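**Student:** In the numbering used here, the protein residues as written are 140 to 308.
(1) Within a Cβ cutoff of 8 Å, which residues of the same chain sit near residue 159, ignoring the five residues on either side of it in sequence?
(2) Any chance the segment 170 to 186 sits against the segment 201 to 216, with 3 or more Cβ pairs inside 8 Å?
(3) Just the C-alpha distance for residue 157 and residue 171, rounded to the nearest angstrom, thanks.
(4) Where do the ends of the alpha helix (DSSP H) carrying residue 140 lie?
(5) Could you compute how far the alpha carbon of residue 203 sits from the alpha carbon of residue 237?
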């Protein structure tokens, strides 16, 4: 009966059901009940299953507006923030401690240039060689060799005595 009322039957089946409804009053009463129910539902629930173009346009306008507006800012979680702060503080502490234990120690002696030895030989007076400094941490010197800190008194060098022509071997 529902298929007949909704118009879902083929024309041949529809004509057979129509003759049957006309022949039997009980079937006619059932037909009228289904027809009235369909009309009532169509009047009370008109949008059920049927798209309303104005309503769809409103929905799509809202969706596109929401897509164009930026979302809320995402902030780092407290655990990530604490981890980042700890890492930065650790790096800063390492640089501070490395700089704190770096000590500049003056070294006496060292190697002078050949010009300094010539001056010493010509004047036959002791020449003070400029002091070099090195840090407590090993570092390469000018030649690429590593500087090793030792006792300054042990590394003091004196220039050779000037040789005079009157001295003989």
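Just so you know, even glycine gets a beta-carbon here, dropped at the ideal spot from N, CA and C.
Nothing here was measured: the structure is a model prediction, and the numbers come from that model.
**Tutor:** Judging by the given coordinates:
(1) Cβ within range, chain order: 166.
(2) With the rule of 3 Cβ pairs closer than 8 Å, the segment 170 to 186 does not count as touching the segment 201 to 216.
(3) About 12 Å.
(4) Unbroken run through residue 140: none, as it is neither H nor E.
(5) For residue 203 and residue 237, the gap between their C-alpha atoms comes out near 57 Å.
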